[in-house]
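Here's the structure, in structure tokens; my notes come after.
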Amino acid sequence: MSADQLHPAWLGRLWGFLTSVRLTIFLLLALSWLSILGTIRYDGIYYTVWFLAPLALFALNLSACLVKGLPQAVARVRRPLTLADALALPERGKFTVSGAGNPETRVAAAMRAELGRGLRQERGGEELVFFLERGRWRPLGPYLVHLSLLFILAGGLIGKYLGLEGRVSLMPGEMVRAMHTPAGENPLPFQLRLERFQVWYYADGTPREFRSDLTFTGEDGRTEQVVCRVNEPVTFGGLTFYQSSYGQIVPLRVTLGQDAQEVEAPLGRVMSVLGGKGKIKVLAYEPNLVMPMGGKPQALGPAVRLAYLREGEHARAVWVLKNFPQVSARQSEPYLFEFLDKSLGYFSVLQVKWDPGVWWVYVGFLLLLPGFFLAFARPPQRWAVVLAPRPGGGWQGRLLGAAPRAREAFQARQERLLSRLTAGGGA
Amino acid sequence: MTSQILGGVMLAYLAAGCLFLVAVLRDSARRRAAARTVLAAGLGAHSVALLLRWRDLYGVALAHAASPDFSERLRLVFLYVPLSNFYESLVFFAWCLPFTALVVFRRQRQPYVGVVVGLLAALILAYASLRVDSHIRPLMPALKSNWLLIHVVTCFLGYAAFALACGAALLYLWQARRPAAGLPALSELDRFIYQAVVVGFVFLTLGILTGAVWAESAWGRYWSWDPKETWSLITWFIYATLLHARLAKGWQGRRIAWLAVVGFLAVLFTYLGVSFLLPGLHSYLT
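Those protein sequences? They're chains A and B, same order as listed.
For the first sequence, position 390 (counting from the first letter as 1) is numbered 390 according to this note's numbering, and the numbering increases by one without interruption.
Position in the second sequence (from 1) plus 427 gives the number in this note's numbering.
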């Protein structure tokens with residue numbers, strides 16, 4: 001009784017659809033289009049159902065092909081080349097071997113030299129048959145590749161739904177017990193303090209290196225001091241911290257009527273000022289702001305773009321210039337902002353992550369390598385040499401072989417083999 | 428010094444490309460051998476130029492390092508490979524083309540490959556020397572990683588193989604429309620397209636994997652849908668389509684050739700378009 005009779009027809013059709021290469025090709029092209037849309041128009045499409053649904057179908061397609069094809073591939077690998085198979089291979093050339101010496105060793109040596117290990121020898125009646133196969137494991141290659149892709153997709157899924165990701169921004173001396181995530185503040189199971197942050201520059205002003213000196217304090221009181229650099233993450237309490245970026249801390253004085261306050265304002269952070277009467281946020285820092293003045297670009301020196309907000313009002317933004325304090329004073333009334341003439345400080349931004357899916361992804365990567373090797377570098381080849389005694393003495397040789405997936409390599413090898421066999425025979 | 432050598436290399440590639448072209452048209456084995464020699468000489472000089480630039484970069488790095496010991500020096504050598512900006516990537520891409528043709532496809536003796544490789548490599552070098560800033564730039568912190576070398580090398584070897592596949596595919600499409608006697612047979616071109624795509628696909632995959640491992644160790648995310656990552660994936664999808672169409676559905680000929688051309692357009696967009704048009708982690712052009 002076949003599987004078709006056990007299941008209703010629609011199930012068979014569904015199975016046929018899920019295992020079809022046509023579906024694979026359609027999905028690959030669909031995912032390409034969706035990714036193109038994602039890069040040019042719809043940022044973040046990758047997290048929507050429009051992308052995830054075809055990706056899920058792709059995973060289903062991969063799994064179905066694996067379930068359908070892997071047992072066959074394993075069966076093929078487990079069935080070695082038999083004498084009967086070898087004799088059924090198509091003939092590729094003829095040669096003669098003189099009776100002198102031992103023809104068996106000469107033929108075997110020629111085949112070993114060209115084809116490597118694994119040569120077998122059997123006698124079929126009068127005839128001597130030498131045969132071997134290469135690339136026997138090749139059928140497993142594509143399935144290994146598909147399996148590795150499933151591992152990678154599973155790793156992505158695990159990381160997305162079970163992992164944690166956030167960021168911490170710290171000023172020197174500051175201590176935190178939580179990180180920012182897209183879903184809000186997330187408590188950390190330890191304390192983290194930035195002892196020191198350093199940036200080094202090249203002569204042309206581009207950053208050469210930056211590093212954070214951190215102290216972790218666990219709930220059990222255990223402390224650990226570490227240095228976190230770009231490309232050198234640190235791990236504590238199961239979470240990994242990556243030096244992702246940094247920003248300036250701008251020294252400002254804020255004045256409103258009689259009230260005045262000096263603040264150290266980190267780039268991008270909302271600060272409450274003047275006892276809660278207002279809020280400010282430094283939007284951008286320019287070491288040397290260039291603006292068109294009277295039609296010509298003018299270098300105006302250090303400047304910050306500052307957003308500010310009074311209670312019950314809309315936020316407004318203004319450029320505050322260190323060298324020309326009067327420029328912003330007129331625009332920002334009744335506030336007065338001054339960019340103080342002190343050295344800038346820096347705050348450090350760390351990416352925080354715990355991703356249990358990474359190892360699935362890496363296992364996928366590792367499986368991909370033997371998969372590709374088998375699929376592309378080990379085409380199956382089967383070879384046989386049949387020696388039959390000639391009536392007048394000596395031997396008549398026939399070379400048989402097949403390699404459906406690597407015709408050129410096969411052709412070249414066939415020529416080399418024949419020349420070796422002929423040379424060995426001295427005919 | 429390097430720019431003078433590269434000027435000579437460009438002329439050598441140009442000459443080799445032209446000689447290969449003559450060899451194709453006249454079906455001349457002697458000219459083909461001469462063309463191969465010129466191309467190989469160009470590749471040798473090109474390698475020397477790359478090594479000289481590498482030495483210069485190492486010198487700059489050494490000037491910033493305080494009394495480095497042997498292991499630190501070794502680290503600097505691998506960090507400061509000449510692969511960290513647009514100019515260097517172009518020069519390396521131009522190197523990958525004849526390297527792929529002469530080394531990876533050394534069995535493939537057809538002169539049309541030499542035409543594609545010689546002319547394209549000369550064009551890239553000319554563009555690099557005339558239009559791109561070749562100054563040695565200090566290395567930004569994110570690029571200071573041992574993964575830089577392997578990531579860039581695998582990616583560009585892949586690009587080079589795809590370029591060869593595209594050249595053969597264009598020739599195929601031309602041949603299919605108006606067959607010319609001197610040009611290679613369609614079946615041979617078809618096979619070569621497939622072989623070049625396989626090599627390119629394996630290297631592109633390795634490039635994506637090494638990039639992912641690097642991103643994981645540098646930023647804690649092996650994949651962040653950065654435009655360059657996404658476009659490399661699009662390229663991967665297109666070539667995966669080609670391989671499935673050919674291996675599992677038995678497509679051959681014109682459709683495969685078109686896919687190889689479209690795939691290479693995606694490669695070009697991954698390499699150039701993304702850098703110029705879409706901002707992201709890989710925007711090292713500015």
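For glycine and all other residues, C-beta sits at the position ideal for the given N, C-alpha and C.
8 Å Cβ cutoff, residue i in contact with chain A
i: Leu712(B); result: Model confidence at Leu712(B) stands at a pLDDT of 43, short of 50, so the residue's coordinates are unreliable; what they give is reported in the following sentence. It does not; no Cβ of chain A falls within 8 Å.
i: Gly647(B); result: yes
i: Arg463(B); result: no
i: Gly515(B); result: Sequence check: residue 515(B) is Glu here, not Gly. No - not a single Cβ of chain A is within 8 Å of the one on Glu515(B).
i: Glu643(B); result: yes
i: Val629(B); result: yes
i: Val508(B); result: no
i: Val542(B); result: no
i: Thr527(B); result: no
Interface flag, residue i vs chain B, CB-CB below 8 Å
i: Tyr46(A); result: yes
i: Pro379(A); result: no
i: Thr235(A); result: no
i: Gly426(A); result: Note that Gly426(A) scores 43 on pLDDT, short of 50, meaning its location in the model is unreliable; the coordinates nonetheless yield the value given after this. It does not: the Cβ of Gly426(A) has no partner Cβ on chain B nearer than 8 Å.
i: Ser419(A); result: no
i: Val227(A); result: no
i: Leu29(A); result: yes
i: Tyr436(A); result: What the structure shows of chain A is the stretch from 1 to 427, and residue 436(A) is not part of that stretch, so it cannot be assessed.
i: Phe151(A); result: no
i: Val168(A); result: no
i: Tyr202(A); result: yes
i: Val361(A); result: yes
i: Val358(A); result: yes
Partner residues on chain A for residue i, Cβ-Cβ distance less than 7 Å
i: Phe703(B); result: The premise fails here: Phe703(B) is roughly 13 Å from chain A at the closest Cβ pair, so nothing lies under 7 Å.
i: Ile661(B); result: Ser32, Ser35 and Ile36
i: Thr581(B); result: Chain A residues near Thr581(B): none, gap ~12 Å exceeds 7 Å.
Assigned secondary structure, residue i (DSSP; H/G/I helix, E/B strand, else coil)
i: Gly425(A); result: Legend: pLDDT at Gly425(A) = 46, less than 50; position of this residue unreliable, no value from coordinates given.
i: Leu410(A); result: According to the sequence provided, residue 410(A) is Phe. The question's Leu does not apply to it. Phe410(A) falls in the helix class under three-state DSSP.
i: Tyr711(B); result: Caution is warranted here: a pLDDT of 48 is assigned to Tyr711(B), below 50, making its placement in the model unreliable, and the coordinate value is therefore given only provisionally. Correct three-state label for Tyr711(B): coil.
i: Ala265(A); result: strand
i: Val436(A); result: Since the displayed chain A opens at 1 and closes at 427, residue 436(A) lies outside it and no answer follows.
i: Gln381(A); result: strand
i: Ser516(B); result: helix
i: Gly545(B); result: helix
i: Pro449(A); result: Residue 449(A) lies beyond the range of chain A shown here (1 to 427); nothing can be said about it.
i: Ser455(B); result: coil
i: Ile249(A); result: strand
i: Ser272(A); result: strand
i: Gln679(B); result: coil
i: Ala608(B); result: coil
i: Ile661(B); result: helix
i: Tyr285(A); result: strand
i: Gln258(A); result: coil
i: Met171(A); result: coil
i: Met291(A); result: strand
i: Asp560(B); result: coil
Beta-carbon neighbours of residue i, restricted to chain B and to distances below 9 Å
i: Leu214(A); result: Going along chain B, no residue has its Cβ under 9 Å from Leu214(A), so there is no contact; the nearest lies around 15 Å.
i: Ser63(A); result: Chain B residues near Ser63(A): none, gap ~16 Å exceeds 9 Å.
i: Phe347(A); result: Ordered by position in chain B, no residue passes the 9 Å Cβ test against Phe347(A), which lies about 17 Å from the chain.
Per-residue contacts from residue i into chain B (C-beta, under 8 Å)
i: Gly38(A); result: Trp652 and Thr657
i: Ile25(A); result: Thr668, His671, Ala672 and Lys676
i: Glu209(A); result: Pro568 and Lys571
Interface partners of residue i on chain A, CB under 8 Å
i: Ser572(B); result: Asn231
i: Leu636(B); result: Phe365 and Leu368
i: Thr632(B); result: Leu368 and Phe372
Within chain A, partners of residue i - CB distance below 9 Å
i: Arg618(B); result: Arg407 and Glu408
Chain-ordered neighbours of residue i on chain B, where CB pairs are closer than 7 Å
i: Gln411(A); result: Correct list: empty, because the minimum Cβ distance to chain B is about 11 Å.
i: Gln351(A); result: Trp646 and Gly647
i: Thr206(A); result: Pro565 and Met567
i: Val21(A); result: His671, Ala675 and Lys676
Residue i beta carbon near the ligand PLP (any heavy atom closer than 7 Å)
i: Ala642(B); result: The ligand PLP is absent from the structure shown, which contains no ligand whatsoever.
Would the stretch 508-526 of chain B and the stretch 550-565 of chain B be scored as touching if the rule is three or more Cβ pairs under 8 Å?
Because the criterion of three Cβ pairs below 8 Å is met, the stretch 508-526 of chain B and the stretch 550-565 of chain B touch.
Interface residues of the stretch 659-683 of chain B facing chain A [CB-CB below 7 Å]:
Shown in chain order are the members of the stretch 659-683 of chain B whose Cβ falls below 7 Å from a Cβ of chain A: Leu660, Ile661, Phe664, Ile665, Ala667, Thr668, His671, Ala672, Ala675 and Lys676.
Taking 8 Å as the threshold, find out whether the stretch 86-105 of chain A comes into contact with the stretch 340-347 of chain A through three or more Cβ pairs.
No contact exists between the stretch 86-105 of chain A and the stretch 340-347 of chain A.
Of all the residues that make up the stretch 593-626 of chain B, which are near chain A by a beta-carbon distance shorter than 8 Å?
Correct list: Arg618 and Val625.
Is there contact between the stretch 646-653 of chain B and the stretch 597-613 of chain B, where contact requires at least three CB pairs shorter than 8 Å?
No contact exists between the stretch 646-653 of chain B and the stretch 597-613 of chain B.
Closer than 9 Å, Cβ to Cβ, to anything on chain B: give me those residues from the stretch 236-263 of chain A, in chain order.
Listed by position, the residues of the stretch 236-263 of chain A near chain B (Cβ gap below 9 Å) are Thr240, Phe241, Tyr242, Gln243 and Ser244.
Identify each residue in the stretch 173-203 of chain A for which the Cβ-Cβ distance to at least one residue of chain B is less than 7 Å, and report them in chain order.
Cβ contacts with chain B: Tyr202.
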